[in-house]
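In what follows, a single structure is set out as structure tokens and then discussed.
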Amino acid sequence: MTHSSDDKNYVRAVLSYLGIDFDEADIVLSVCHCQSDELSFTCNIKAIELKNVVDLYVDSISENEIEALNRESLKSRLCYFLEVFDAVSGQYLEISGKHFATSRFEYDDVCSEVLSMSNDVSQSKGYDRDEYNRLMQVDGQVMIARFALQQFWDTHFIGLITFVSESITSSLYKAYETFSDISLACYKLSEYSYSRSINSELTLNISLKENDFCEDLSDCYMEDEALPSGRVISRRNNDSIISIYESYAAASYIPMIASLEVVDEYGEVVTDLCHTVYVSELTGGLIKIHDRNDLVSEVFDNLRNLNLAVGDSVSQAA
Numbered sequence: 001m002t003h004s005s006d007d008k009n010y011v012r013a014v015l016s017y018l019g020i021d022f023d024e025a026d027i028v029l030s031v032c033h034c035q036s037d038e039l040s041f042t043c044n045i046k047a048i049e050l051k052n053v054v055d056l057y058v059d060s061i062s063e064n065e066i067e068a069l070n071r072e073s074l075k076s077r078l079c080y081f082l083e084v085f086d087a088v089s090g091q092y093l094e095i096s097g098k099h100f101a102t103s104r105f106e107y108d109d110v111c112s113e114v115l116s117m118s119n120d121v122s123q124s125k126g127y128d129r130d131e132y133n134r135l136m137q138v139d140g141q142v143m144i145a146r147f148a149l150q151q152f153w154d155t156h157f158i159g160l161i162t163f164v165s166e167s168i169t170s171s172l173y174k175a176y177e178t179f180s181d182i183s184l185a186c187y188k189l190s191e192y193s194y195s196r197s198i199n200s201e202l203t204l205n206i207s208l209k210e211n212d213f214c215e216d217l218s219d220c221y222m223e224d225e226a227l228p229s230g231r232v233i234s235r236r237n238n239d240s241i242i243s244i245y246e247s248y249a250a251a252s253y254i255p256m257i258a259s260l261e262v263v264d265e266y267g268e269v270v271t272d273l274c275h276t277v278y279v280s281e282l283t284g285g286l287i288k289i290h291d292r293n294d295l296v297s298e299v300f301d302n303l304r305n306l307n308l309a310v311g312d313s314v315s316q317a318a
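Using UniProt numbering, read the sequence shown as starting at 1 and increasing by one per residue.
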């Protein structure tokens, strides 16, 4: 029903609160309501791209684990260490996001690399201070002492990675549930059928089926933005696309194909038409086809054009 590019943009919108650029992520989506269902992605990012998640991670730590006064200090040290990570590693972090299992990160053990590269038993302190400072310096500052590096890595860097991993999994599961709800809503609506006698000879039948034509929704959520240079770029309005998909999941204004046909007493089709319509499920399970009256009027106009003697009963039914 929805275009694959819109589906992927919806997934990116759901993940957008993390502040990580997933635009180049390879997203796989399959919703068939069976064990093979999957919503996953793979992508590579630089460590510094996790900078936007730092506030969320630190704010998630309970007051029992960290004093309020130390929160800003921890945020600064985490952002600092992400820069150190990129400088020392020179490699991307590989993310494998999954809705049905733990999302995983693959990355270099920068902590061990720094400790190993700065190790020097010939010196009185057992390490080369200048080398450690060279590896750990950002903008002329070293914010984590060597003796505290391993604990910082084990506690807060790994804590940040775990937080992002769990956030990705929960977000993907939320997106998967939305896709699943949309699929079920379309299935339920496609069971709709309506039949009404026009007169003693003619009957109007209305049915719905899923719209196999995947309409591109980008015009509904992509917005032009003018840069200071004068260049115009398109940006995704995350709230807009999330609203569209959540509306579909709630069976509200779902695009479907409505088939209307008028048959005679022998079941032969006299006239028919098909149109894309928007359909909603109302309270109590009632199905509303928006602009239904216009469709019925059109099919009755076709009858009149065929010069069928349906008389006042046609006008009354319209």
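For every residue, glycine included, the Cβ atom is placed at its ideal position computed from N, Cα and C.
S62 classed as buried or exposed, judged by whether at least 16 other C-beta atoms fall within 10 angstroms
Looking at its Cβ environment, which holds fewer than 16 other Cβ atoms inside 10 Å, S62 is exposed.
Can you tell me whether G159 is buried or exposed? The criterion is at least 16 other CB atoms within 10 Å of its CB, across all chains shown.
Burial call: buried.
So F105 and S165 are supposed to be a Cβ contact under 8 Å. How far apart are they, rounded?
With a contact defined as Cβ atoms closer than 8 Å, F105 and S165 qualify at about 6 Å.
Give the DSSP-derived three-state secondary structure of A226 in the structure shown.
Under the three-state reduction of DSSP, A226 is assigned to strand.
Straight-line CA distance for V53 to L82?
Distance between the alpha carbons of V53 and L82: 11 Å.
Check whether the stretch 29 to 45 and the stretch 256 to 275 touch, using three or more Cβ-Cβ pairs below 8 Å as the test.
Verdict: no, contact absent.
Under a three-way DSSP split, which group does E106 fall into?
Taken through DSSP and simplified to helix, strand or coil, E106 comes out as strand.
Let me confirm a value: H290 is counted as buried when at least 16 other C-beta atoms fall within 10 Å, else exposed. Which label applies?
Only exposed fits H290, as fewer than 16 other CB atoms lie within 10 angstroms of its CB.
Would you kindly check if the distance between the Cβ of T271 and the Cβ of L227 is under 7 Å?
No.
Quick one: residues in its chain with C-beta nearer than 7 Å to the C-beta of S247, no 5 flanking neighbours on either side, listed in chain order?
The beta carbon of S247 sits closer than 7 Å to those of Y253, all from its chain and outside the five residues before and after it, given in chain order.
Excluding five sequence neighbours on each side, which residues of the same chain lie with their C-beta closer than 6 Å to the C-beta of T42?
Within the same chain, T42 has close Cβ partners D26, S96.
Helix, strand or coil for N302, going by three-state DSSP, please let me know.
Collapsing the DSSP output to three states places N302 in a helix.
Exposed or buried, I161, counting other C-beta atoms within 10 Å across all chains shown (16 or more means buried)?
With 16 or more other Cβ atoms within 10 Å, it is buried.
Cβ contact check for the stretch 106 to 126 and the stretch 167 to 187: 3 or more pairs under 8 Å:
Judged by Cβ distances under 8 Å, the stretch 106 to 126 makes no contact with the stretch 167 to 187, as fewer than three pairs qualify.
Given a cut-off of 7 Å, decide if L149 and C111 are closer than it, judged by their beta-carbon atoms.
Yes, the pair counts as a contact, with Cβ atoms nearer than the cut-off.
Going by the DSSP bridge assignment, what does L273 pair with across the sheet?
BP columns for L273 point to L260.
Is it buried or exposed for A101, if we count other Cβ within 10 angstroms and need 16 for buried?
A residue is called buried when at least 16 other Cβ atoms come within 10 angstroms of its Cβ; A101 does not meet this threshold and is exposed.
Expected contact under 8 Å - CB spacing of S167 and K98 to nearest Å:
Actually they are not in contact, since the Cβ atoms of S167 and K98 sit about 13 Å apart, beyond 8 Å.
According to DSSP, is S36 helix, strand or coil?
Reduced to three states, the DSSP call for S36 is coil.
Just to confirm, is the Cβ distance from E210 to S190 under 7 Å?
The answer is yes: Cβ separation under 7 Å.
Comparing C-alpha positions only, which one of R129, K188, S183, F85 sits nearest to A47?
Comparing Cα-Cα distances from A47 to each of R129, K188, S183, F85, the minimum goes to F85.
Assign I233 to one of three DSSP states: helix, strand, or coil.
Correct three-state label for I233: strand.
Delimiting residues of the alpha helix (DSSP H) encompassing T169
Residues 158 to 189.
Whose C-beta lies closer than 7 Å to the C-beta of D224 among residues of the same chain, with five residues either side of it excluded?
If we look at D224 and ignore the five residues flanking it on each side, its Cβ neighbours are V232, S234.
Which stretch, first to last residue, makes up the alpha helix (DSSP H) that contains K8?
Residues 4 to 15.
Which value, in whole angstroms, describes the spacing of the CA atoms of Q316 and I244?
For Q316, the predicted structure reports a pLDDT of 48, less than 50, and the residue's modelled location is therefore unreliable. A value from the coordinates is still provided. Distance between Q316 and I244, taken at the CA atoms: about 37 Å.
With 16 as the cutoff for other CB atoms within 10 Å, does R12 come out buried or exposed?
Under this definition R12 is a buried residue.
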